[in-house]
Amino acid sequence: MIRWIKAGGAGILAAGVCLGAAAWSDARELAGRRAELQREARLIASLVAARMQGGLEKHLTAMRQMANLYASSRRVGEGQFRSYAANTLKLNPACLNIAYVDPALRIQRSYPLEAARWRPVFDARSHPPGYETVVRADRARKPMLSPPMQLFGGTWGFVLAVPVVSGNRLLGSLVGACRGQEYFDSLVPREVNERYEQVVLDAGTPIFMSNLLGSSDSPVAPVSEKFVIGGAGWEVRVGPQEHVVRDRLTAGRPVFWAMAWLFSVTFGALAGGAALWAVGMSNRLQTQRAALVEARTRLDGAQEQLIQAEKMTALGDLVAGVAHEINNPLTGIVGYTQLLIQRKLPPSVHRHLETISAEGQRIVKIVRNLLSFARKHAPEKRLIDLNEVVEKTLELKAYHLRSNQIKVVEELAPRLPKTLLDFHQMQQVLINLLNNAEQAMVESGRGHTIRLATVVVEGHIQLRVSDDGPGIAAEILERVLEPFFTTKKEGEGTGLGLSLCNGIVQEHGGRIRVESPPGEGATFIVELPIQQKAASIDPILKPSAPKTVEPLRVLVVDDETDVQEFLTELLGLGGHRVDTASDVPEAIAKIAAGAHDLIIVDLKMPNGTGRDIYAAVLELRPRLARRLIFITGQATGDDMADFLAKTGNELVLKPFNAGEIEDAMARAARN
């Protein structure tokens, strides 16, 4: 007997634990569902309030335009009044009519022609709200909305009064009346009315209602949104309808409790397992919710990646176009500078020309760096001492840093091993890092020292750029290298500088790290591997050939006059006879004459492309096709790269120098 009593007690206790766990899980689920309903009601209240305010503002604007017509015209005819009134009423179908009244509140015009209906509005004894609204608008010289009032026919609505003022003189008022419920129904979507109850109040008095909000003991309290317009305070209260609350809170609960009682009563001795089942069900619900949140997070992340990809595609197209426009005139600058350097000129002039040439090459590298960032072109590397990059860059920045009273401390490691680097790309990285440090200190007024250090650490070369400025906030530290991320004001930064640096360093097999301890400024650490042998030969590079000695008859096809003239002068110095063409039709006509040994043609021109000329040469003079050299100032896409690979023709990128053209001609002349 005692054993059975103990067994029964254990069963009852286990069943009680099971039912308690079920009740706890049920209460937690109900709380979550109520919170979801409350959030939905808050969103609907904001939507209804925004639409109410926007609709009233639109109607108020239309009435103001009519008032401006009266104020700016000596006399407004009946036809003009009806036309403006009809257009205004179309904007708000719930409005009944519009009247123009004089300062004595006598109706002068009404549309539609039912002026008798307006008389109660201005009767101070029987309808004081409408009368007082017009009087308040006239006194304040600004639009006023009435509180809720009973219109003709017993419906409830409101009155909008807009004074007509010319200078300081009151000419009268425009008055419009709107049915409250119809106006409200025109703004609120039908599906919202079916699921939610709304009350719109003015000064605490209901003016519109969609059903009537439930009792005050509803498990989901209504949500309120307020706004002010036309001198009147408006409030929108929204709460889910009773059937929505009932369906949401009771969904699945009968089945849940039936299962709980079944496990508790039938399997008393195993009721602990039923409790575990209830807890397991709760955990599954939480797991599903967590999975939903994770899926939404992944979706948001994928969307952000898609947006960034679209931005990068747009950036690539923009950079390609800019490169084409810059490289064409830059070809003339670089080319003519090199021609001048070859002449006998005073040493000082030679130095200036060499400076112009070097800076021109720097511009070329900057443009190609942008193309490399947007199109992932491989850098041009050679063995360089990173300290040399630092020294040369500081020479460029020295004056600017001194003018901002910024001190530079160099801690460069002696006998730093050389490594494969693109000098101009690494110089661009260092310039960007120095500019960022300088701007941070100047704009914040804090800090005045930049430290540059190089050191070898575990087979890598580190370049550390440190400042004692304001530093970087911890919450954005991980994002500073992202494309388009910037802390500057709109219009002052693109968010591409550091991401460009990061792309260049990654193409060199390295990485950039950022450290910013609180109160100690910021440090950017560039880590580069020590590489002293190229992994492979760049397939784009072609073997050198001896310079062409035999004079050739050369046709230059380019729509840029400066490029034509530069190539004409350059090739003329080598004894070549040069003919020119500015577009595809002119070039094809000259090729058909058969008087050329070699053709130099721009890939991109207004009336056709270099590929069109190549096709014409194959048809007219097939043996000359291998002696066709392409030049371009724009990045080549995959399609063009495939075309060049199939033809095997030479490609020279603008801006080019004399040596590049001569080498390409020498190789082409051997075909």
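Under my numbering, the letters of the sequence shown match residues 1356 to 2026, in that order. Think of the CB as a built atom: it goes at the ideal place given N, C-alpha and C, for glycine as much as any other residue.
When you compare only the Cα positions, how much space is there between Ala1808 and Gln1817?
8 Å
*Report yes or no: do three or more beta-carbon pairs, one from the stretch 1495-1509 and one from the stretch 1425-1437, lie closer than 8 Å?*
no
Note to self: With three or more beta-carbon pairs closer than 8 Å as the criterion, would you say the stretch 1794-1802 touches the stretch 1857-1870?
What the structure shows: no
| query | By how many angstroms is the C-alpha of Pro1838 removed from the C-alpha of Ala1492? | reply | 54 Å
Bridge partner(s) assigned by DSSP for Glu1882: Gln1817, Arg1866
message: Can you give me the C-alpha to C-alpha distance between Ala2037 and Ala2019, rounded to a whole angstrom?
response: Residue 2037 falls outside the range modelled here, since the chain spans only 1356 to 2026, and no answer is possible.
Point to revise | Short Cβ contact (8 Å threshold) for Asp1823 with Gly1800 | key: no
Could you give the residue range of the alpha helix (DSSP H) that holds Ile2016?
Where Ile2016 is concerned, the enclosing alpha helix (DSSP H) starts and stops at 2013-2024.
- [ ] Taking Lys1959 and Thr1923 to be in contact with their CB atoms under 8 Å, please state how far apart those CB atoms are, rounded to whole angstroms.
- [x] Their Cβ separation, rounded to whole angstroms, is 20 Å, which puts Lys1959 and Thr1923 out of contact at 8 Å.
So is Gln1783 buried or exposed if we call it buried at 16+ other beta carbons inside 10 Å? buried
**Q.** CB contact flag (Ile1462, Ala1449, <8 Å)
**A.** no
query: Looking at the unbroken beta strand (DSSP E) that takes in Asp1957, where does it start and where does it end?
result: For Asp1957, the uninterrupted beta strand (DSSP E) run begins and ends at 1953-1957, by DSSP.
| field | Ranges of the beta strand (DSSP E) found wholly within the stretch 1406-1461, counting only runs of at least 3 | value | 1450-1456
_Cβ pair count under 8 Å reaching 3, the stretch 1713-1720 against the stretch 1739-1748_ = no
Applying the 10 Å Cβ sphere with the 16-neighbour rule, what's the burial state of Pro1518? buried
At what residue ranges does the stretch 1487-1515 contain a whole run of the beta strand (DSSP E), taking only runs of 3 or more? none
Opposing strand residues paired with Lys1752 [DSSP bridges] | BP columns for Lys1752 are empty, so no partner.
Please go through the same chain and pick out, in chain order, the residues whose beta-carbon is closer than 7 Å to the beta-carbon of Leu1756, but skip the five residues on each side of it.
Val1763, Glu1793
* To do: Quickly, what does DSSP pair Gly1588 with across the bridge? List them, please.
  => Answer is Val1583, bridged to Gly1588.
query = How far does the beta strand (DSSP E) with Ala1532 in it reach, from first residue to last?
reply = 1524-1534
Exercise. Among residues of its own chain, excluding the 5 on either side of Gly1865, which ones have a beta-carbon nearer than 8 Å to its beta-carbon?
Worked result: His1815, Val1881, Glu1882, Leu1883, Pro1884
Buried/exposed call for Phe1887, threshold 16 Cβ in 10 Å: Just to set this straight, residue 1887 is Gln in the shown sequence, not Phe. By the 10 Å Cβ count, Gln1887 comes out exposed.
message: If you measure between the beta carbons of Ala1944 and Val1912, is that distance less than 8 Å?
response: Result no, Cβ atoms of Ala1944 and Val1912 do not sit closer than 8 Å.
Under the three-state DSSP convention, the category Ser1571 falls into:
Its pLDDT being 49, under 50, Ser1571 is placed unreliably in this model, and the value from its coordinates should be taken loosely. Reduced to three states, the DSSP call for Ser1571 is coil.
* **Start and end residues, alpha helix (DSSP H) containing Leu1973** => 1965-1975
Over the uninterrupted alpha helix (DSSP H) stretch that includes Asp1913, give me the two end residues. No alpha helix (DSSP H) holds Asp1913; DSSP gives it neither H nor E.
CB Gln1408 to CB Phe1539, shorter than 8 Å? no
**Request:** Determine the DSSP secondary structure at Ala1950, reduced to helix, strand or coil.
**Result:** If DSSP states are grouped into helix, strand and coil, Ala1950 belongs with coil.
(Q) For Ala1390 and Arg1406, I'd like the C-alpha separation in whole angstroms. (A) So the alpha carbons of these two residues sit roughly 24 Å apart.
Counting only the same chain and skipping the five closest in sequence on each side, list residues whose C-beta sits under 7 Å from that of Ser1401. Correct list, in chain order: Glu1580.
Note down the Cα distance separating Gln1693 from Arg1966, rounded to an integer number of angstroms. 30 Å
**Message:** Please list the terminal residues of the continuous beta strand (DSSP E) segment that includes Ile1984.
**Reply:** Start and end: 1983-1987.
* Integer-rounded CB distance, given that Gln1393 should sit under 8 Å from Val1575 -> Contact flag correct, Cβ pair sits at about 6 Å.
* Supposed close pair Val1918, Gly1687 - CB separation, criterion 8 Å -> 7 Å
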